[in-house]
Amino acid sequence: MNRIMISSMMILALIANGCSSTDVQQGQETKKQPVAKTTQSNESELSPVDVVETASQEVAKKSPPVSQKTKPNMEDLKHLAKVNYYQKSIKQKPSAEQKALAAIDRVAKQHKVNVKPDVNNSKFREMVVAAATNIQSLTPDEAKAVIDYAKKVDAYENSKKNEIIKQMKEKVNMGVSLTEEDKALLDAVTPIKPGQKLQGPPPQVKPGQGGLENPGPQKPKEEQPGNPVPQEPKPGQPNQPVPQQPKPGNQYDPIKARDYAYQWWNKRNNEQYNYYSRVSGGCYNCWADCTNFVSQAIKAGGIEERRNGTYWYYSDTKPSYAWGVANSFYKHFKERAQEVKSWKDLSVGDVVNVDFDHDGDIEHSAIVTKVGMWEVYVTQHTSDKKDAPLSPWLRAGYDVYAWKMSTANLK
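In mature numbering (1 follows the signal peptide of the UniProt record, and there is no 0), the protein residues as written are -21 to -1, 1 to 390.
Next up, the structure:
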């Protein structure tokens, strides 16, 4: 195989990267095809990994022969100089591995996926992510074991991503210019530059000592000019975000984003957004979908698509990486949305990104759909959840980053 071609083994690293949907498809815009609604994942179907491999091979074919270009492109060298590798981790056997595998298998069966434990299998790695984002349904011992096992899977993926980066650098050093597709792929697989981690978690409240159902006495928040004080919901009443006047140029409606998330939290909008279903063989939900789901919700709320810079848009031909890859989503909105510092500052319609093990690899995305006095709740895909508490991720030690989506249209 040509050294400059990205192998299928290396592309495997992409699919589980934060509910990735890391698919790329070349060609003309195609018409939407009917989607077969089946909840059973089938390994014989065309997977997103296959699509990435095909696209990468097409990119390599379009590159000029090495013999025709011997001097490295200086702009590409500058571009790669900013690209970092993932740090190598010491390979250790996860503690309580059998307990972790049993919990992961239970989550897989809930998703109607039958897969054997094998880190080389992208579907198994997706189920590890599903379990790690569903720790609130596990016992404390199971949650600890799953988190520890997820680190093993993440280390495997990071080593493969490092190989992709290495091959890209070799490609440039041999005199072959990076294509725009190469640069987009690099952006999807390289580590993030950590921003402001969300501070928390909220205090653990015992029954009768406060909380959403029995708030107890609270110190009133100070009202700032032009900044209405958020009103907490009364017991038994649905939570509603405080209506706020959008700033000039901002048309984000968090209620519409939340309502879209509620409508589709346990199903897939494959009629309007059919790309990932189509390239996965026409299945209904057999791909990691957290970031694609969040992108749909915030678009429903009015977040503007961007086709310059790091890009964020949907297309039936191929969406941008930032639309469906958690790592790229983080990088995109870090450039255009204000970071949220504390869980107490989160509002309905905001978005959170999650890094399980502090390695600069974003694995998950979710949207805030409810805010109580002592808890923030998110709605998500991959492990489909509506109004799941955010605090278990913070207590587990995950790096959680959050974006104030009401600011995202202002840059």
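Just so you know, even glycine gets a beta-carbon here, dropped at the ideal spot from N, CA and C. Source: prediction; values computed, not measured.
Does the beta-carbon of residue i, which I'm using as the reference point, lie nearer than 7 Å to any heavy atom of the ligand ATP?
i, result
"residue 278", "Because no ligand of any kind appears in the structure shown, any question about the ligand ATP cannot be addressed here."
Alpha carbon to alpha carbon, how far is residue i from residue j?
i, j, result
"residue 53", "residue 161", "16 Å"
"residue 378", "residue 176", "6 Å"
"residue 382", "residue 84", "33 Å"
"residue 275", "residue 354", "24 Å"
"residue 87", "residue 267", "13 Å"
"residue 236", "residue 153", "47 Å"
"residue 37", "residue 281", "Bear in mind that a pLDDT of 48 at residue 37, under 50, signals an unreliable position, so the model cannot answer this."
"residue 292", "residue 321", "28 Å"
"residue 297", "residue 271", "12 Å"
"residue 252", "residue 50", "43 Å"
"residue -5", "residue 295", "For residue -5, the predicted model reports a pLDDT of 43, less than 50, meaning its position is unreliable; a value from the coordinates is still stated below. C-alpha separation (whole angstroms): 22 Å."
"residue 78", "residue 333", "23 Å"
"residue 374", "residue 356", "14 Å"
"residue 368", "residue 315", "26 Å"
"residue 101", "residue 143", "17 Å"
"residue 1", "residue 300", "Here residue 1 scores only 40 on pLDDT, less than 50, and its place in the model should not be relied on; the value that follows carries that caveat. So the two alpha carbons sit approximately 7 Å from each other."
"residue 331", "residue 57", "31 Å"
"residue 18", "residue 151", "Only weak support exists for where residue 18 lies, its pLDDT of 33 falling under 50; the value from the coordinates is given anyway. Answer to the nearest angstrom: the Cα atoms are 43 Å apart."
"residue 346", "residue 97", "30 Å"
"residue 130", "residue 74", "11 Å"
"residue 234", "residue 277", "10 Å"
"residue 399", "residue 323", "There is simply no residue 399 to check, as the chain begins at -21 and stops at 390 in what is shown."
"residue 391", "residue 335", "Limits of the chain in this structure are -21 at one end and 390 at the other, which puts residue 391 out of reach."
"residue 146", "residue 136", "16 Å"
"residue 95", "residue 173", "34 Å"
"residue 230", "residue 76", "48 Å"
"residue 194", "residue 183", "Low confidence applies to residue 194: its pLDDT is 33, below 50, so where it sits in the model is not reliable, and the reading given next is rough at best. In a straight line, the C-alpha of residue 194 is about 13 Å away from that of residue 183."
"residue 364", "residue 123", "20 Å"
"residue 59", "residue 372", "33 Å"
"residue 117", "residue 328", "27 Å"
"residue 249", "residue 259", "12 Å"
"residue 218", "residue 241", "Residue placement at residue 218 is poorly supported in this model, since its pLDDT is 49, which falls under 50; the coordinates are not used for a value here."
"residue 273", "residue 89", "22 Å"
"residue 93", "residue 171", "33 Å"
"residue 352", "residue 319", "17 Å"
"residue 255", "residue 141", "26 Å"
"residue 247", "residue 263", "7 Å"
Would you please state the rounded distance, in angstroms, between the beta carbons of residue i and residue j? I believe it to be under 8 Å.
i, j, result
"residue 338", "residue 65", "6 Å"
"residue 366", "residue 386", "Actually they do not touch by this definition, with Cβ atoms about 24 Å apart."
"residue 284", "residue 388", "About 11 Å; that fails the 8 Å criterion."
"residue 119", "residue 370", "At roughly 14 Å, the Cβ-Cβ gap does not stay under 8 Å, so residue 119 and residue 370 are not in contact."
Going by Cα to Cα distance, which pick from the options is closest to residue i?
i, options, result
"residue 340", "308, 373 and 110", "308"
"residue 68", "94, 133 and 61", "133"
"residue 82", "111, 369 and 60", "111"
"residue 148", "61, 76, 388 and 363", "61"
"residue 390", "317, 351, 325 and 348", "317"
"residue 91", "259, 109 and 351", "109"
"residue 311", "380, 362, 256 and 279", "380"
"residue 245", "254, 259 and 269", "269"
"residue 265", "106, 57 and 136", "106"
"residue 239", "182, 94 and 359", "359"
"residue 313", "324, 326, 56 and 384", "384"
"residue 156", "146, 135 and 55", "55"
"residue 179", "241, 342, 336 and 325", "325"
"residue 362", "258, 343 and 181", "343"
"residue 104", "288, 125 and 116", "125"
"residue 159", "329, 327, 289 and 372", "289"
"residue 139", "121, 163, 99 and 127", "99"
"residue 121", "80, 141, 287 and 260", "80"
"residue 127", "171, 259, 241 and 72", "72"
"residue 400", "279, 241, 273 and 255", "Lying outside -21 to 390, the shown extent of the chain, residue 400 is not represented and no answer is given."
So if DSSP puts residue i in a beta bridge, which residue, or which two residues, is it bridged to?
i, result
"residue 318", "382"
"residue 343", "333"
"residue 356", "349 and 368"
"residue 266", "Answer is none; residue 266 lacks a bridge partner."
"residue 244", "According to DSSP, which records beta bridges pairwise, residue 244 is partnered with nothing at all."
"residue 285", "291"
"residue 178", "321"
Three CB pairs or more closer than 8 Å across the segment 300 to 307 and the segment 157 to 171: These segments touch.
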